[in-house]
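J.:
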Amino acid sequence: MNKNSSNTMALAPNTSNKRETVCIFGTGDFGRALGHKMIQSGYPVVYGSRSTQISNLIPKDAEVLGHAEAAQKAAIIIIAIQRQHYNFLTPLAEVLHGKVLVDISNNLKLNQYPESNAEYLAQLLPGSKVVKAFNTVSAWALQSGTLDASRQVFVCGDDVEAKQMVMNIVRALGLTPLDKGSLLAAQEIENYPLQLFPMWRFPMFLSLGLTAFFFFYCVALDIIYTYIYEHNDFSFFIAITIPNRVCPVMALVLLALVYVPGIFAAIIQLYRGTKYRRFPDWLDKWMLCRKQLGLIALAFASLHVVFTLVTPLRAFASWRTGKGIISQALNNKTEPLDHTKAWLSDSYLALGILGFFLFVLLGITSLPSVSNNVNWREFRFVQSKLGYMALILCTAHTLVYGGKWFLSPSAYKWYLPNIYILSLIVPCAVLVVKFVLIFPCVDKPLTEIRQGWERNPKYSE
Ligand code: NAP
């Protein structure tokens, strides 16, 4: 037996302040990082390893023993070994009988095996109490102490007492356990670290698709059409002019799409006369990614602000201003100030600034550190009332800017409407339906339905 320390603790109930010994099978990256953290938190740690050779990588105060010997020293054994090697545990069934085995393993692919690793472990060792935990924490985060973003540890298991013992260890390490229920939840927990921004996938694909559509729409109307019919080469519009048309359009359309599922939900509830029936899956998914859609919309709005601020620096803008001045000088005529134009341009800018301010406020309130500090009513007030206010201001901003093209035939190149007209379709539809929904004759039954009233009880489950 090789000892790395003289600190050996017997498996006995904790009667003093001393913590119970924890055994870790496997002296790999995760086993060492977890052992190090446990020793720091006051747990005596004994490793069960194929080799009892002392390595300077192993935490200084830990013991290293053979698997069977190490298992006898603790009531809790953490299996820091890949699933494909679990077979070696079968001969240890007797010594592991009645012990709590913590499965921390992950897979390389989603749903790689028919059953979760934890359930597989429970099948191999039916006499042991298997608990799933720690798999979403990385060895690097444990070792470096950078656990701020990942303090949550998902825990599940069929034995309540065993689960409680593991949750106590999690707490003692300064982490937050989150009980996910029985071992059936292990598959879901094992899939978490393999997911790549799951809530962002739909908003990202939608944004990419819409951006590509609006971009090529602008290229066709502003560059290709002008080149063919006016023989002007405006290909440099690709750098700033077109992005600065696409960004505000995207910001407005995506902001409106944040409020569309709420409108659909209200219509469905009114139609069904009950809230006790599930929404269709697509609506549920859409509702769950509203925050992401809103944040992408905010990113587009911010880009629009930056593009607009650099406009006076552009050679094209200086050329156009110079051309106007020279034409006035050549005609020896100063154009009088057009008050309507001045009002429109100032109102357009003011609406944009106010809309952007509310947009930023919505973004800030969606940050967990902020949203955790407001109550549900305050959160709803910002996200719903101020959100609609932002949508109204941004729609008005676009209407004041693009409205002049609605009736102008020159705006319909190749019989296609200008991009500003397109961008107003969804927001205007949302605002009109929302306006109808707040009428007392519609709002009253909707509020009653949301409080549990049912028009036709056969719909309830
Ligand atoms: P690792 O560095 O490869 O260590 C695995 C350990 O398993 C080895 O050091 C070895 O320990 C033991 N082992 C290897 N082959 C064995 C066999 N045939 N029989 C018995 N024991 C064997 O892997 P790791 O990164 O520590 O990961 C261990 C487990 O933790 C994996 O299931 C992984 O999914 C999970 N996990 C890892 C991380 C991470 O950040 N690394 C995060 C979450 C979960 P001995 O030489 O001491 O026997």
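Residue numbering for the sequence shown follows this note's numbering, starting at 107 and increasing by one per position. For each residue, glycine too, the CB sits at the ideal point set by N, CA and C.
Are at least three pairs of beta-carbons, each pair with one atom in the region 435–447 and one in the region 388–400, less than 8 Å apart?
T.: no
J.: Which residue marks the beginning of the alpha helix (DSSP H) containing D135, and which one marks its end?
T.: D135 -> alpha helix (DSSP H) spans D135 to Q146.
J.: Under 7 Å from any heavy atom of the ligand NAP, does the C-beta of H191 make it?
T.: yes
J.: For a quick check, are the C-beta atoms of G287 and C262 less than 8 Å apart?
T.: yes
J.: Can you check whether the CB of V259 is closer than 8 Å to the CB of L281?
T.: yes
J.: Is it true that the CB of V536 sits closer than 8 Å to the CB of V355?
T.: No, these two residues do not count as a Cβ contact at 8 Å.
J.: Quick one: grab the DSSP three-state call for Y575.
T.: It is not possible to answer for residue 575, since the shown part of the chain is limited to 107 through 567.
J.: Do you know offhand how far G458's Cα is from V411's?
T.: 9 Å
J.: According to the neighbour-count rule (16 or more other Cβ atoms, all chains shown, within 10 Å of its Cβ), is G368 buried or exposed?
T.: buried
J.: So what does DSSP say about F541, is it helix, strand or coil?
T.: helix
J.: Helix, strand or coil: which one does DSSP assign to V416?
T.: helix
J.: Assuming A245 and D167 form a contact by the criterion Cβ under 8 Å, report the distance between their Cβ atoms to the nearest whole angstrom.
T.: Not really, about 19 Å apart at Cβ, beyond 8 Å.
J.: Would you give the residue range spanned by the beta strand (DSSP E) that G263 belongs to?
T.: Q258 to G263
J.: Look at the Cβ atom of C493, then the Cβ atom of L468, and state whether they are nearer than 8 Å.
T.: The question names Cys, yet the displayed sequence has Gly at residue 493. Closer than 8 Å, so yes.
J.: By alpha-carbon positions, which one of S157, A224 and W306 ends up nearest to G400?
T.: W306
J.: I'd like to check one pair, A176 with K205: are the Cβ atoms closer than 8 Å?
T.: no
J.: Got a sec, what are the start and stop residues for the alpha helix (DSSP H) L468 sits in?
T.: H445 to T471
J.: Let me know if Q149 comes out buried or exposed under the rule of 16 or more other beta-carbons within 10 Å of its beta-carbon.
T.: Here the sequence assigns Tyr to residue 149, which means Gln is not the residue at that position. Counting other Cβ atoms within 10 Å of its Cβ, Y149 reaches 16 or more and is therefore classed as buried.
J.: Once the 5 residues before and after I555 are set aside, which same chain residues still bring their CB inside 8 Å of it?
T.: Q375, L376, G379, T380, K381 and R561
J.: Would the C-beta of G134 count as close to the ligand NAP, meaning under 7 Å from any of its heavy atoms?
T.: yes
J.: Does the Cβ of N524 have 16 or more other Cβ atoms within 10 Å, making it buried, or fewer, making it exposed?
T.: N524 comes out buried.
J.: For C129, which residues does DSSP report across the bridge?
T.: V152 and I183
J.: Under the assumption that A405 contacts L497 (Cβ atoms under 8 Å), give the Cβ distance between them as a whole number of angstroms.
T.: Contact flag wrong, Cβ pair sits at about 17 Å.
J.: How would you call I334, buried or exposed, if buried means at least 16 neighbouring beta carbons within 10 angstroms?
T.: exposed
J.: Cβ-heavy atom distance between F194 and the ligand NAP below 7 Å?
T.: Yes, the ligand NAP has a heavy atom inside 7 Å of this Cβ.
J.: Once you ignore the five residues that flank Y153 on each side, which residues in its own chain have a CB closer than 8 Å to its CB?
T.: C129, I130, F131, G132, T133, G137, G141, I164, A168, E169, V170, L171 and A176
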